[in-house]
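In my numbering, the protein residues as written are 15 to 717.
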């Protein structure tokens, strides 16, 4: 395995580059100096040879002409004392040697003079590694008579160069050492700030300490600017990091927590639920979900405003937090729906149920206490459903659905209650779902039709009719309205159904009107249908498309409509009344009846619920209630209709107390449109009130 090469730091690289550069420069400088010195010494030798030849060549030329070797030797010996001169040769013009002088002991070692150099007609030289050869032609009156050849040793030059080399090498080494030390000092001056930056970066990387600051010196320069810039960068990163953390916290708060109450939202609840289910599998502990809904919260929200409603929700969430255990997870799913996840309630179902009920009751009591909101004392109660889980039934949506079903069961039992989920609730829910889907298909496939139950006076005269929807299923036959109307009212399906009924009724009334038959028909309007923002516009469109006169329409409202914002209800009723539509308050006395409704709303009729009529001859309380309602309506100038009249005794009692309008099997069951139309005689151009009174015989219909 190869050992990785060490990585040099920036300052180390700068140090090495600096030292190497100076070393190369010094080396080149030394070589240049050595070269210059070599050429200087060589030039000195050439100059000596030139001077020597200039002094001796005139005499030697005469000597060569006289052929006097002895005289030439005497002449040359006086100049032969120069230490670097190793040999002197004098040649005749024909190339033969006249004189040869060499230093003792060198006669054999000196190389033979160069024939090529001797052939030169001008003074010439040749430099080797050991010798300098110099040749000068000898002339007498421009006539070549011979050649002077000199040999100089280069040992002195080499010794001098060696001295220079040794001195230069020593100087080079000392210079490099000085440069190295200087570079090290410079490196420290650069590396210390850089090392501080590196250490700071490591601390930032390891510890995420963006608040770190490197000490700055007062010396201006690039390093000062670098450290200052690094500190500014860290400061900006620190600020950005704080902002990022703040944004992340805000995003996490938005993603996992309800923005209004600060409780966990559905996403966080699901994650917590998954963890608790896994823990329940390992520990064999049983947990529970509490699903709660605030009773009649919509009334508070609509009547007092959303700001008060939000304050109530915050107050409720605060009380839930205080009521549950530390390990529990309270959450808000939206609106006035809250869920509490209760982990580890016990290993047995009985223990877990007991503990869950204990927490649920504590929550219920905490919420049910008076809430002081903007100087108002508001009473809010919850209906709570409980679903247990043990790690086997680990589907979050299933548990929510089970707890929701239990919560609705608590509402059905009177609200402000706690109810555990039972398997029968699931069967009932499945049955309701099946009926809802079948009803939706029945609307689409035109399996519904309208029946009309006559509204009569005591003498049997028809004064109107109530439109009642019927459903004829191909397999089940006639479906009881009590089995599908409540289910439709729990969903938006009631809006589709109500619009279909109103459209069918108006079209039928228009058909009767074309036949010269006029009849006032009342149509039941559910709370959900009435609360639609565009309900008035839909009614206007249906009336306009059918061509029926709105004066012949009566809308029957239950007290459930009136429980919401009374002012908004009044405004909407007035808009409909301007179209000509009249209103009847259905099932009066069964709900939260208030004289305030009768005073503020444009009501024309009160309909006494059949539950009071059935026992008026045997129950003194019912008799008192009915007689009171009739007397009150008479005082207010409002008509009264008694529903569910089935006996002569009931009719006599009601007429005795002043009731004049009746519905019930004693007079007639509901009938299809064709049969109803046959009982309506042509009204011609009679006024509306005259057209409402149509002779009717009791014996025409059986009970």
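Where is the CB? At the ideal position from N, CA and C, for every residue including glycine.
By alpha-carbon positions, which one of the options ends up nearest to residue i?
i           : options               : result
residue 145 : 536, 127 and 337      : 127
residue 192 : 242, 53, 34 and 54    : 34
residue 563 : 579, 528 and 548      : 528
residue 478 : 693, 211 and 180      : 693
residue 283 : 107, 354 and 86       : 354
residue 347 : 337, 305 and 370      : 305
residue 771 : 361, 442 and 424      : An answer regarding residue 771 cannot be provided, because it is not within the stretch 15 to 717 covered by the chain.
residue 59  : 158, 168, 688 and 38  : 168
residue 417 : 560, 208 and 400      : 400
residue 307 : 239, 433, 264 and 685 : 433
residue 500 : 453, 490 and 681      : 453
residue 388 : 329, 572 and 185      : 329
residue 675 : 587, 480, 421 and 271 : 480
residue 571 : 311, 597, 565 and 581 : 597
residue 394 : 107, 405, 311 and 250 : 311
residue 612 : 49, 639, 411 and 652  : 652
residue 575 : 681, 602 and 690      : 602
residue 396 : 427, 405, 412 and 510 : 427
residue 374 : 303, 410 and 340      : 303
residue 515 : 106, 456 and 565      : 456
residue 569 : 199, 580, 555 and 543 : 543
residue 538 : 599, 163 and 447      : 599
residue 194 : 370, 565, 441 and 32  : 32
residue 104 : 294, 96, 113 and 97   : 113
residue 295 : 566, 587, 404 and 471 : 404
residue 422 : 351, 281, 332 and 276 : 351
residue 435 : 573, 628, 398 and 445 : 398
residue 443 : 406, 492, 484 and 497 : 497
residue 420 : 371, 490, 175 and 385 : 371
residue 165 : 344, 688 and 140      : 140
residue 469 : 84, 619 and 175       : 619
Would you mind reading off the limits of the beta strand (DSSP E) that contains residue i?
i           : result
residue 149 : 145-154
residue 539 : 535-539
Hey, quick one: how far does the alpha helix (DSSP H) through residue i stretch, first residue to last?
i           : result
residue 552 : 549-560
residue 600 : Here residue 600 belongs to no alpha helix (DSSP H); instead the beta strand (DSSP E) covers 596-602.
residue 694 : Counting along the chain, residue 694 falls outside any alpha helix (DSSP H), and DSSP gives it neither H nor E.
residue 570 : Note, residue 570: premise wrong, no alpha helix (DSSP H); beta strand (DSSP E) at 567-571.
residue 331 : 320-337
residue 579 : Looking at the DSSP string, residue 579 is not in any alpha helix (DSSP H), and its letter there is neither H nor E.
residue 664 : 662-670
residue 630 : Taken as a continuous stretch (DSSP letters only), residue 630 belongs to no alpha helix (DSSP H), as it is neither H nor E.
residue 545 : Per DSSP, residue 545 belongs to no alpha helix (DSSP H) and is neither H nor E.
Indicate whether at least one CB of chain C lies closer than 8 Å to the CB of residue i.
i          : result
residue 63 : Checking the listed chains, one finds no chain C in this structure; it contains a single protein chain.
Among all the DSSP beta bridges, which residues are the ones paired with residue i?
i           : result
residue 307 : 351 and 397
residue 655 : 621 and 675
residue 3   : Outside the shown range of the chain, which is 15 to 717, sits residue 3, and nothing can be said about it.
residue 160 : 106 and 152
residue 685 : 466
residue 344 : 354
residue 726 : Because the chain spans 15 through 717 in this model, residue 726 falls outside it and cannot be assessed.
residue 101 : 116 and 165
residue 278 : 271 and 345
residue 360 : 300
residue 111 : 105
Just to confirm, does residue i get its C-beta within under 7 Å of one of the non-hydrogen atoms of the ligand SAM?
i           : result
residue 216 : With respect to the ligand SAM, the structure offers nothing, as it holds no ligand at all.
Taking 8 Å as the cut-off, does the segment 584-593 touch the segment 646-656 (at least 3 CB pairs, one atom from each stretch)? no
Scan the segment 386-465 and note each continuous alpha helix (DSSP H) run of 4 residues or more that stays entirely inside, going in chain order. 410-426 and 437-458
The segment 529-536 contacting the segment 499-506, beta-carbon criterion three pairs below 8 Å: no
For a minimum of 4 consecutive residues, which ranges assigned as the alpha helix (DSSP H) are wholly contained in the segment 474-526? 495-503
Using 8 Å as the threshold, is the segment 665-673 in touch with the segment 452-462, meaning 3 or more CB pairs across them? no
Cβ pair count under 8 Å reaching 3, the segment 149-163 against the segment 63-72: yes
Within the chosen definition, does the segment 618-625 reach the segment 653-665 through at least 3 CB pairs nearer than 8 Å? yes
Just checking, does the segment 240-248 make contact with the segment 206-215 on the three C-beta pairs under 8 Å criterion? yes
Please confirm if the segment 79-91 is in contact with the segment 44-57, defined as three or more CB-CB distances below 8 Å between the two stretches. no
Does the count of Cβ pairs from the segment 518-525 and the segment 559-575 closer than 8 Å reach three? yes
Can at least three beta-carbon pairs, one atom from the segment 361-377 and one from the segment 318-332, be found at a separation below 8 Å? no
For the segment 266-283 against the segment 379-386, are there 3 or more C-beta pairs whose distance is under 8 Å? no
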